Amino acid sequence: MILLEAQHVARYFGADILFKNVSLTIQEKSRIALVGRNGVGKSTLIKMITDQQKPDEGKIVKKKNLTLGYLAQDTGLESSNTIYDEMLTVFADLQSTEQQMHKLENKIAQTASAAHIDQVVYANLLKQYDKIQHTFKEKNGYGYESEIRSVLHGFHFFENDYHRKIASLSGGQKTRLALAKLLLEKRDLLILDEPTNHLDIDTLSWLESYLQSYSGALLIVSHDRYFLDKIATEVYELTRHSIQSYKGNYSDYVREKEDRIRLQWKKYEKQQAEIAKLEDFVDRNLARASTTKRAQSRRKQLEKIERLERPKGHEKGPHFQFKVNEESGNIVLVIESAAIGHDNEIISQPINIDLRKHNIMAIVGPNGVGKSTLLKSILGKIPFIKGHCRFGTNVDVGYYDQELKNVHGSKTVLSEIWDDHPLIPEKDIRSVLGSFLFSGDDVKKIVHNLSGGEKARLLLTKLAMNNHNFLIFDEPTNHLDIDSKEVLEDALLNFSGTVLFVSHDRYFINKIATSVLEISQAGSKLFLGDYDYYIDKKEEQELIANEKKKEENLNVSPAASSAKSDYKVSKTAQKEERKLKREIAKLEEVIEQLSTQKITIETKMSQPEIFSNADKMQEFQVQLTECTQQLEQAEQLWEEKSLALENKGTN
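Under full-length UniProt numbering, read the sequence shown as residues 1 to 651, first letter to last.
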């Protein structure tokens with residue numbers, strides 16, 4: 001059943017079009033991700049769907065009596081209640097029903113204990129009670145308090161928090177509570193705008209699990225690609241002036257979009273070749289009496305061709321790279337037996353880090369465990385309570401703070417960069433800012449008035465200009481749209497220096513990290529791999545710990561011990577199999593990219609202006625040779641991994 005439809009809606013700002021002819025359909029069990037670059041109108045479209053704004057064209061059609069829940073970005077719960085009492089308000093009807101049941105129970109007891117029982121009254125009371133009790137059971141009347149506790153626990157609110165006043169909580173805590181209350185309300189359609197903000201990795205995993213079994217429909221705006229991969233089964237991409245739908249999760253959308261763009265280019269280039277051929281024939285033969293009729297016929301053909309637009313591919317996004325002025329030594333950062341915290345109150349210890357050149361280390365852990373504190377201690381902003389930290393030879397540190405305070409609010413965008421590099425000509429500064437999407441009058445904007453995303457891009461500009469060889473990032477993807485995240489990932493993967501970063505963005509960690517450092521109250525623990533490796537290893541360690549605990553509590557028989565050993569072998573084999581599958585999937589992506597790159601190079605080499613230019617042909621030949629070698633190596637490695645996976649399946 002269709003719950004809601006946006007039919008050809010549009011939004012105009014004077015003569016400017018934000019978007020038009022946008023249609024979107026939400027079914028009963030839809031799991032829709034709405035994606036698009038910052039500023040294309042995602043929040044505006046959602047405000048139309050939630051009746052906060054009216055479309056300039058088109059209409060929004062909803063199912064009768066549709067219940068709709070909406071969590072705006074960074075919207076906190078405001079209430080004078082305690083946490084638990086506020087959650088109870090969701091179940092006010094059930095509480096009222098429960099009171100009716102108690103009253104009826106008393107009446108039934110009084111009637112039954114009377115000297116002369118009125119059987120008709122007694123029977124009516126029992127019938128009435130059965131009816132109310134049936135409704136109460138159906139609506140989870142006996143389990144709603146357990147449900148409240150479960151959801152609050154998922155958002156890291158525990159029993160000792162239940163009596164805290166909501167007014168006393170932080171902004172992030174209020175946002176989490178607003179989402180918790182929405183989940184308990186179980187609306188037909190739940191619309192979430194950036195629901196993963198302020199959530200640590202454990203809470204994100206819990207939320208994903210909860211939403212996967214949510215009874216209603218979901219419409220989600222998020223820059224968290226890992227989250228969208230877990231939840232979405234359909235993706236709508238909103239661009240300037242249009243919307244496109246894709247089946248599958250975020251990764252499926254990326255692949256299908258690339259396929260569509262590749263097909264569009266193929267059709268466009270085929271038509272351009274046909275047009276060029278016809279135009280050439282007309283130019284050569286129109287003036288000759290013997291061929292003028294054929295030329296006129298070809299010209300009519302040209303006039304009838306419905307010309308395809310040149311494919312736009314990806315919309316204009318930032319493009320930048322990080323360079324280094326001077327190479328550091330092999331040892332970049334060493335921390336030994338350190339304790340971090342505030343005012344001599346230890347949050348986490350012992351912390352140990354041995355970070356070497358060219359590595360990219362991610363720091364993960366729950367909120368409040370001291371990840372940002374650790375970075376500030378490394379930078380000397382907060383002293384270590386115990387232990388010490390030292391940098392290696394020629395280490396030059398650049399820092400990106402998640403609060404975006406490393407910029408001056410009163411300066412313009414241009415002066416923020418130019419003041420640091422006064423010897424560089426203004427046109428060159430403007431060129432660099434242009435690559436970070438600050439063009440024209442954008443460079444005259446006052447920093448204080450910039451959006452979070454704009455400030456993030458400005459801070460990245462400063463880092464890129466300073467050519468540090470050791471970059472430290474605190475939540476670098478928080479204010480970036482997906483396109484900007486992908487550009488940052490590529491820049492860091494191609495960076496010849498060293499990176500240390502804190503992030504809750506699991507997709508980002510998986511893409512760039514060579515190691516993961518987990519911080520807890522018990523100190524640091526190093527995992528030498530990406531995010532998926534970290535999760536696999538954690539599961540394995542928890543399994544071993546649970547088995548050890550069982551072993552300590554029970555006398556294990558030889559047969560049981562053997563079974564345990566077989567189980568461990570089986571788990572190890574499963575882990576290796578998962579690793580092989582991930583490696584094969586990544587290789588398939590590489591092969592697809594290289595194949596596309598090879599076709600593009602070959603196509604360019606076949607163009608007349610390139611084919612007739614020996615220097616350009618030589619340049620493209622070098623690119624083609626290198627691309628072909630990389631493709632062959634990737635295909636060979638894919639065959640080896642696939643064979644290894646096949647052998648595991650037959651053993």
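In this text, a Cβ means the ideal position worked out from N, Cα and C, and glycines have one as well. Keep in mind the model is a prediction, meaning the values are calculated, not measured.
Q.
Considering only the alpha carbon of each residue, which of 479, 358, 633 lies closest to residue 515?
A. For this step, residue 515 is matched to residue 515 along the sequence shown. The option with the nearest alpha carbon to residue 515 is 358.
Q.
What ranges does the alpha helix (DSSP H) occupy inside the stretch 49 to 132, keeping only unbroken runs of at least 4 residues that lie completely in it?
A. 83 to 88, 92 to 113
Q: Classify residue 296 as helix, strand or coil using the three-state DSSP reduction.
A: For the purposes of this step, residue 296 is identified with residue 296 of the sequence shown, where counting begins at 1. Correct three-state label for residue 296: helix.
Q) Given residue 101, which residues of its chain have a CB within under 8 Å of its CB, disregarding the five upstream and five downstream residues? A) Locating residue 101 in the sequence shown gives position 101, where the first residue counts as 1. Result list for residue 101: 129, 132, 133, 136, in chain order.
Q.
Considering only the alpha carbon of each residue, which of 297, 456, 9, 443 lies closest to residue 241?
A. By one-based count along the sequence shown, residue 241 stands at place 241. Residue 241 has its Cα closest to that of 9, out of 297, 456, 9, 443.
Q | Three-state secondary structure assigned by DSSP to residue 279 | A | Position 279 of the sequence shown, counted from the start, is the residue given in the question as residue 279. Correct three-state label for residue 279: helix.
Q.
I need the boundaries of the alpha helix (DSSP H) containing residue 203, first residue and last residue.
A. The sequence position of residue 203 within the sequence shown is 203, counting from 1. Residue 203 -> alpha helix (DSSP H) spans 201 to 212.
**Q.** Backbone CA spacing between residue 428 and residue 422 [nearest angstrom]
**A.** In the sequence shown, residue 428 corresponds to position 428, counting from 1. In the sequence shown, residue 422 corresponds to position 422, counting from 1. Those two C-alpha atoms are separated by around 11 Å.
Q.
Alpha carbons only, please: which of 396, 206, 249 is nearest the one belonging to residue 463?
A. Indexing the sequence shown from 1 puts residue 463 at position 463. Here the closest residue by C-alpha is 396.
Q) Under 8 Å, do residue 509 and residue 375 count as touching if we go by C-beta distance? A) As a working note, residue 509 is residue 509 in the sequence shown. As a working note, residue 375 is residue 375 in the sequence shown. No; because the gap between Cβ atoms is not below 8 Å, this pair is not in contact.
Q: Return yes when the Cβ of residue 224 is within less than 8 Å of the Cβ of residue 46, no when it is not.
A: The residue you call residue 46 lines up with position 46 of the sequence shown. The residue you call residue 224 lines up with position 224 of the sequence shown. No. Outside cutoff.
Q: Could you tell me the boundaries of the beta strand (DSSP E) in which residue 608 lies?
A: Here the question's residue 608 lines up with position 608 in the sequence shown. First-last for residue 608: 608 to 611, but that is the alpha helix (DSSP H), not the beta strand (DSSP E).
Q: State buried or exposed for residue 67, treating a residue as buried only when at least 16 other CB atoms are found within 10 Å of its CB.
A: Working through the sequence shown from its first residue, we reach residue 67 at position 67. Exposed is the call here.
**Q.** Rounded C-alpha distance that separates residue 445 from residue 539
**A.** Position 445 of the sequence shown holds residue 445. Position 539 of the sequence shown holds residue 539. Approximately 49 Å, taken between the alpha carbons.
(Q) According to DSSP, residue 33 sits in a beta bridge with which residue or residues? (A) Here residue 33 corresponds to residue number 33 of the sequence shown, with the count starting at 1. Answer is 220, 235.
Q | Contacting residues, own chain, Cβ-Cβ under 7 Å from residue 279 (five flanking each side not counted) | A | Looking up residue 279 in the sequence shown gives position 279. Here the set comprises 302.
Q: Compare the C-alpha of residue 91 against each of 143, 582, 119, 634 and name the closest.
A: Here residue 91 is taken as the residue at index 91 of the sequence shown, counted from 1. Nearest option by C-alpha distance: 143.
Q. Across which residues does DSSP place residue 342 in a beta bridge pair?
A. Indexing the sequence shown from 1 puts residue 342 at position 342. Its beta-bridge partners are 345.
Q) Taking buried to mean at least 16 other C-beta atoms within 10 Å of its own C-beta, is residue 201 buried or exposed? A) Translated into positions along the sequence shown, residue 201 becomes position 201. That one is buried.
Q) How many whole angstroms separate the CB atoms of residue 244 and residue 231, which I take to be in contact at a CB cut-off of 8 Å? A) Looking up residue 244 in the sequence shown gives position 244. Looking up residue 231 in the sequence shown gives position 231. Wrong, their Cβ atoms sit about 19 Å apart, outside the cutoff.
Q: Can you grab the Cα-Cα spacing for the pair residue 364 / residue 377, in whole Å?
A: Within the sequence shown, the letter at position 364 stands for residue 364. Within the sequence shown, the letter at position 377 stands for residue 377. Approximately 16 Å, taken between the alpha carbons.
Q) Does the separation of the CB atoms of residue 80 and residue 167 fall below 8 Å? A) Position 80 of the sequence shown, counting from 1, holds the residue named residue 80. Position 167 of the sequence shown, counting from 1, holds the residue named residue 167. In contact: residue 80 and residue 167 (Cβ atoms closer than 8 Å).
Q. How many angstroms separate the CA atom of residue 347 from the CA atom of residue 387?
A. Counted from its first residue, the sequence shown places residue 347 at position 347. Counted from its first residue, the sequence shown places residue 387 at position 387. Their Cα atoms are separated by approximately 14 Å.
Q: Work out the CA separation of residue 577 and residue 501 for me, nearest whole Å.
A: One-based indexing of the sequence shown puts residue 501 at position 501. One-based indexing of the sequence shown puts residue 577 at position 577. Answer to the nearest angstrom: the Cα atoms are 29 Å apart.
**Q.** DSSP three-state assignment for residue 337, whether helix, strand or coil
**A.** Sequence index remark: in the sequence shown, residue 337 carries index 337 (1-based). Strand.
Q.
Quick check on the DSSP output: the beta strand (DSSP E) that includes residue 373 runs from which residue to which?
A. Position 373 of the sequence shown holds residue 373. Counting along the chain, residue 373 falls outside any beta strand (DSSP E), though it belongs to the alpha helix (DSSP H) covering 371 to 378.
Q. Going by DSSP, what residues sit across from residue 27 in a beta bridge?
A. Looking up residue 27 in the sequence shown gives position 27. In the DSSP output, where bridge partners are listed per residue, residue 27 has 2.
Q: Could you check if residue 158 is buried or exposed, using at least 16 other CB atoms within 10 Å of its CB as the buried criterion?
A: As a working note, residue 158 is residue 158 in the sequence shown. By the 10 Å Cβ count, residue 158 comes out exposed.
(Q) Let me confirm a value: residue 481 is counted as buried when at least 16 other C-beta atoms fall within 10 Å, else exposed. Which label applies? (A) Walking along the sequence shown from the start, residue 481 turns up at place 481. Answer is buried; the Cβ neighbour count reaches 16.
Q) How many Å lie between residue 145 and residue 85 at the Cα? A) Residue mapping note: residue 145 aligns to position 145 of the sequence shown, counting from 1. Residue mapping note: residue 85 aligns to position 85 of the sequence shown, counting from 1. Those two C-alpha atoms are separated by around 11 Å.
Q: Taking 8 Å as the cut-off, decide whether the C-beta atoms of residue 611 and residue 435 are in contact.
A: Taking the first residue of the sequence shown as position 1, residue 611 is located at position 611. Taking the first residue of the sequence shown as position 1, residue 435 is located at position 435. No.
Q | Inter-residue spacing [alpha-carbon to alpha-carbon] between residue 222 and residue 195 | A | For the purposes of this step, residue 222 is identified with residue 222 of the sequence shown, where counting begins at 1. For the purposes of this step, residue 195 is identified with residue 195 of the sequence shown, where counting begins at 1. Rounded to the nearest angstrom, the two C-alpha atoms are 7 Å apart.
Q. Looking at the structure shown, is residue 382 part of a helix, part of a strand, or coil, going by DSSP?
A. Position 382 of the sequence shown holds residue 382. It is coil, neither helix nor strand.
Q) Quick one: what's got a C-beta closer than 8 Å to residue 340's C-beta in the same chain, skipping five residues either side? A) Sequence index remark: in the sequence shown, residue 340 carries index 340 (1-based). Cβ within range, chain order: 346, 347, 348, 349, 351, 370, 373, 374, 377, 382, 384, 385.
Q) Leaving out the 5 sequence neighbours to the left and right, which residues in its chain are closer than 6 Å to residue 324 when beta-carbon positions are compared? A) One-based indexing of the sequence shown puts residue 324 at position 324. Once the five neighbours on either side are set aside, the close Cβ partners of residue 324 are 467, 469, 496, 497.
Q | Local conformation of residue 387 per DSSP, three classes | A | Position 387 of the sequence shown, counting from 1, holds the residue named residue 387. Correct three-state label for residue 387: strand.
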